[in-house]
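Novice:
Numbering (our numbering), first residue to last: 31 to 325.
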């Protein structure tokens, strides 16, 4: 998926750098991630996204990003095998559960991504649907909408909740090698996914993984507490050693399970070794999750 944009709204919707994601997690609902956009970003205040591999299509990656902006619904649809020209325009039927919802929906292509600005009147139909299909020339493109209604409810809660700004500086890289989940006071377990909880956790990823997500179980969390997840390229092609990609604050208390994620750069993940350093309430690093991106 060499040309696909990242699955964060900052890249798909707001045009921010792919490896400088400043959005903060809000909730994870039915496989969907709901996030606050980065402070100061122009556009939607929150977004929801989901990705999965389609077993009926040789495990091709599919992803959907949804956000609201005034009276518009912003939809970005990603499919691994698309090769759209940048700013390529097309009008196609949008079908929800075999019923045409919009006869000529307008989409803009870019690599493996199609993005549309629809009126928010489409929302009730999306909430009731199980699948969304674009009737393209020669082939249909479909996306499974399971959990969309629950994620949409979370999206609206996110829009009314104040966002916490991401931490500007990475936590000090001390005692990283010794940090582990068994030694952590607050983190019970952690799992790394390629963007969807329906996929088994893993620590080795392809350069084309659309998103890498770290899920954390924090059973003793208290309202007002927070974690800081620092995503670090330890030793990768084209970046300095121990380069901090992003450092993100994760508010605690709403759920015992939280997550942090990064979307794939346009050119793919640089091969090499990565880690995520996690600290609690600005304290020392309690846990480090390492993962590898293969050439």
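Where is the CB? At the ideal position from N, CA and C, for every residue including glycine.
Is the stretch 108–121 touching the stretch 136–155 in the sense that three or more CB pairs, one from each, lie closer than 8 Å?
Specialist: yes
Novice: Within the continuous alpha helix (DSSP H) that includes residue 186, where are the two ends?
Specialist: 178–190
Novice: With burial defined as no fewer than 16 other Cβ atoms inside 10 Å of the residue's Cβ, what is the status of residue 325: buried or exposed?
Specialist: By the neighbour-count definition (other C-beta atoms within 10 Å, threshold 16), residue 325 is an exposed residue.
Novice: Within 10 angstroms of the Cβ of residue 272, are there 16 or more other Cβ atoms? Answer buried if so, exposed if not.
Specialist: By the neighbour-count criterion, in which 16 or more other beta carbons inside 10 Å mark a residue as buried, residue 272 falls on the exposed side.
Novice: Can the beta-carbon of residue 256 be found less than 8 Å from the beta-carbon of residue 280?
Specialist: yes
Novice: Please name the residue, chosen from 180, 296, 269, 276, that lies closest to residue 63 on a Cα-to-Cα basis.
Specialist: The residue with the shortest Cα to Cα distance from residue 63 is 180.
Novice: For residue 182 versus residue 157, is the C-beta spacing smaller than 8 Å?
Specialist: yes
Novice: What's the gap between the Cα of residue 107 and the Cα of residue 92?
Specialist: Roughly 8 Å separates the two Cα atoms.
Novice: Residues in its own chain within less than 8 Å of residue 287 by CB, not counting five upstream and five downstream?
Specialist: 58, 245, 246, 247, 248
Novice: Thinking C-alpha only, which one of 125, 274, 98, 66 is nearest residue 161?
Specialist: 125
Novice: So what does DSSP say about residue 131, is it helix, strand or coil?
Specialist: strand
Novice: DSSP has residue 144 in a bridge; who is on the other side?
Specialist: 107, 139
Novice: In angstroms, rounded to a whole number, what distance separates the CA positions of residue 110 and residue 322?
Specialist: 21 Å
Novice: In terms of alpha-carbon separation, which member of 159, 85, 80, 66 lies closest to residue 191?
Specialist: Selected option, being the one with the closest Cα: 66.
Novice: Report the start-end ranges of each beta strand (DSSP E) in the stretch 286–319 that is 3 residues or longer and not cut off at the edges.
Specialist: Correct list: 287–293, 302–310.
Novice: Between which two residues does the beta strand (DSSP E) carrying residue 55 extend?
Specialist: 54–59
Novice: Between 237, 309, 105, which lies nearest to residue 300 when the distance is taken from Cα to Cα?
Specialist: 237
Novice: Taking the C-alpha atoms as reference points, what is the distance between residue 178 and residue 98?
Specialist: Whole-angstrom Cα-Cα distance: 14 Å.
Novice: Rounded to whole angstroms, what's the CA-CA distance from residue 260 to residue 304? Just pull it up for me.
Specialist: 11 Å
Novice: According to the Cβ coordinates, are residue 306 and residue 258 closer than 8 Å?
Specialist: no
Novice: Measure the C-alpha to C-alpha separation of residue 155 and residue 129 and round it to an integer number of angstroms.
Specialist: So the two alpha carbons sit approximately 10 Å from each other.
Novice: Counting only the same chain and skipping the five closest in sequence on each side, list residues whose C-beta sits under 7 Å from that of residue 127.
Specialist: 159, 160, 161
Novice: Specify, as a first and last residue, the run of the beta strand (DSSP E) that residue 163 falls within.
Specialist: Here the beta strand (DSSP E) through residue 163 covers 161–166.
Novice: Going by CA-CA distance only, name the one from 79, 312, 240, 148 that's closest to residue 176.
Specialist: 79
Novice: Please list, in chain order, all residues of the same chain as residue 289 whose beta carbon is under 6 Å from its beta carbon, the five residues on each side excluded.
Specialist: 55, 58, 243, 245
Novice: Ignore the nearest five residues each way along the sequence and tell me which others in residue 265's own chain have a CB closer than 7 Å to its CB.
Specialist: 271, 302, 303
Novice: State the DSSP-derived secondary structure class of residue 324, mapped to helix, strand or coil.
Specialist: coil
Novice: Taking the beta carbon of residue 133 as the centre, do at least 16 other beta carbons fall within 10 Å, making it buried, or is it exposed?
Specialist: Under this definition residue 133 is an exposed residue.
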